[in-house]
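Everything on this sheet refers to the single structure shown next.
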Amino acid sequence: MQHFLNTQDWSVDGLQHLLAKASEFKANKLGDQLKGRSIALLFFNPSMRTRTSFELGAFQLGAHAVVLQPGKDAWPIEFELGTAMDGDTEEHIIEVAKVLSSYVDMIAVRAFPKFIDWQDDRQDKVLNAFARYATVPVINMETITHPCQELAHILALQEQFATRDLRGKKYVLTWTYHPKALNTAVANSALTIATRMGMDVTLLCPNAQYLLDERYMGWAEDNARAAGGSFTVSHDIERSYAGAHVVYAKSWGALPYFGNWGAEQPMREQYKHFIVDEAKMALTDGGVFSHCLPLRRNIKATDAVMDSPACIAVQEAENRLHVQKAVMDTLINHPEIR
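Residues in the sequence shown are numbered from 7 upward in steps of one, following the working numbering.
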């Protein structure tokens with residue numbers, strides 16, 4: 007049985023299959039590939055694009071989606087093994103996963119880190135528990151990575167550059183300021199997929215405190231080596247933007263301060279100049295700009311950048327619908343592809 011937990015588990019050929027299938031679904035939105043099928047969408051955290059695109063995607067292929075919010079409209083779930091459940095949780099993941107598996111054909115999970123202890127959060131316990139105990143395919147709707155966003159992002163780049171082959175493109179993943187410390191999921195994912203596709207990737211961040219977890223830094227190095235691209239880290243804004251073909255922006259909290267964000271705040275406040283603006287984009291080689299959304303205008307990127315023809319963030323967001331249809335279709339109808 008195949009899951010879609012992160013793109014690193016899939017071959018490049020498998021990922022290209024998903025992207026090609028997504029393009030087909032974008033051209034022909036309605037079908038019956040999932041007629042009579044069902045998917046449970048479990049949201050432990052809020053969502054707008056993810057929930058909408060998954061519900062509509064299932065509907066457009068003939069499937070039925072059931073949305074559950076544990077702790078709100080469904081019982082709180084316990085994920086620790088061997089614990090005495092004398093607190094707020096009412097059900098254990100073992101029963102939840104098995105029962106849902108008896109009802110539906112797929113389970114999708116959105117569960118953000120708790121932002122207290124990174125060593126605990128990096129284990130991705132909620133997602134991995136569903137994958138361990140479910141007997142149907144499990145899809146990651148964002149936890150500590152965001153693989154569906156990765157595919158939507160790459161599809162937008164393939165469309166923009168009119169090629170499936172992105173090798174040789176200069177790609178900048180830039181940290182941007184946000185008044186709150188945010189999840190590293192999209193940054194982890196962008197780093198993973200960009201290097202996987204053979205691009206020349208630069209991680210631009212204010213200082214070494216903002217480097218991503220060693221797991222994803224290691225994946226980036228391994229991927230770049232395998233795909234014939236490159237991976238570098240820079241704290242130099244102008245040098246990083248110079249000649250770039252792609253600028254992808256995301257804010258995230260510095261991992262050494264994980265769970266102690268008040269102590270990180272003064273440092274973060276020093277780097278508001280990392281905002282993506284026209285002057286920085288002018289340094290690129292006619293580069294495109296994107297972001298996973300939602301984005302705080304004039305904090306992460308200026309109005310001028312967001313409203314420019316170079317911004318493909320909305321195109322990327324639209325692609326969520328199509329890549330997720332491709333994922334669901336492949337897991338059900340082509341489980342041999344990985």
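Cβ coordinates follow ideal geometry from the N, Cα and C atoms, glycine included.
So for residue i, helix, strand or coil by DSSP?
{"i": "ARG302", "result": "coil"}
{"i": "VAL329", "result": "helix"}
{"i": "SER17", "result": "coil"}
{"i": "ALA200", "result": "helix"}
{"i": "ASP228", "result": "helix"}
{"i": "ASP181", "result": "Rather than Asp, the amino acid found at residue 181 in this sequence is Trp. Strand, per DSSP."}
{"i": "THR238", "result": "strand"}
{"i": "ALA233", "result": "helix"}
{"i": "ALA307", "result": "strand"}
{"i": "LYS286", "result": "helix"}
{"i": "LYS278", "result": "helix"}
{"i": "PHE65", "result": "helix"}
{"i": "PHE60", "result": "helix"}
Rounded C-beta distance between residue i and residue j? I'm assuming under 8 Å.
{"i": "ALA64", "j": "ILE45", "result": "5 Å"}
{"i": "PHE280", "j": "THR182", "result": "5 Å"}
{"i": "VAL115", "j": "PHE136", "result": "5 Å"}
{"i": "TYR177", "j": "ASP206", "result": "7 Å"}
{"i": "ALA158", "j": "GLU322", "result": "5 Å"}
{"i": "LYS120", "j": "ASP127", "result": "6 Å"}
{"i": "VAL333", "j": "LEU24", "result": "6 Å"}
{"i": "PHE85", "j": "ALA71", "result": "Contact flag wrong, Cβ pair sits at about 23 Å."}
{"i": "ALA117", "j": "PHE50", "result": "4 Å"}
{"i": "HIS241", "j": "PRO212", "result": "6 Å"}
{"i": "LEU210", "j": "ILE243", "result": "7 Å"}
{"i": "VAL192", "j": "GLN166", "result": "Actually they are not in contact, since the Cβ atoms of VAL192 and GLN166 sit about 19 Å apart, beyond 8 Å."}
{"i": "TYR254", "j": "LEU179", "result": "5 Å"}
{"i": "LEU47", "j": "ARG55", "result": "LEU47 to ARG55, Cβ: 13 Å. No contact."}
{"i": "ALA248", "j": "PHE237", "result": "Their Cβ separation, rounded to whole angstroms, is 17 Å, which puts ALA248 and PHE237 out of contact at 8 Å."}
{"i": "LEU172", "j": "LEU163", "result": "6 Å"}
{"i": "ALA140", "j": "ILE113", "result": "5 Å"}
{"i": "PRO143", "j": "GLN39", "result": "Actually they are not in contact, since the Cβ atoms of PRO143 and GLN39 sit about 15 Å apart, beyond 8 Å."}
{"i": "ASN146", "j": "LEU11", "result": "5 Å"}
Starting from residue i, follow the beta strand (DSSP E) in both directions and report where the run begins and ends.
{"i": "ASN134", "result": "Premise fails: ASN134 lies in the alpha helix (DSSP H), 131 to 139, not in any beta strand (DSSP E)."}
{"i": "LYS256", "result": "252 to 256"}
Give me whichever residues DSSP pairs with residue i in a beta bridge.
{"i": "ASN146", "result": "VAL115"}
{"i": "VAL320", "result": "According to DSSP, which records beta bridges pairwise, VAL320 is partnered with nothing at all."}
{"i": "ALA71", "result": "ILE45"}
{"i": "SER296", "result": "TYR254"}
{"i": "LYS176", "result": "ASP206"}
{"i": "PHE264", "result": "Looking at the DSSP assignment, PHE264 forms no beta bridge with any residue, so it has no partner."}
Quick one: give me the first and last residue of the alpha helix (DSSP H) that residue i is part of.
{"i": "ASP206", "result": "Per DSSP, ASP206 belongs to no alpha helix (DSSP H); it is in the beta strand (DSSP E), 206 to 210."}
{"i": "PRO153", "result": "153 to 167"}
{"i": "GLY268", "result": "267 to 275"}
{"i": "ILE243", "result": "243 to 247"}
Review point. Of all the alpha helix (DSSP H) runs that stay within the bounds of the stretch 77 to 128, which reach a length of 4 or more residues?
Key: The stretch 77 to 128 contains, as complete alpha helix (DSSP H) runs of 4+ residues, the segments 99 to 109, 124 to 127 (chain order).
Review point. At which residue ranges does the stretch 23 to 57 contain complete beta strand (DSSP E) runs of 3 or more residues, listed in the order of the chain?
Key: Inside the stretch 23 to 57, DSSP marks whole beta strand (DSSP E) runs of 3 or more residues at positions 44 to 49, from first to last along the chain.
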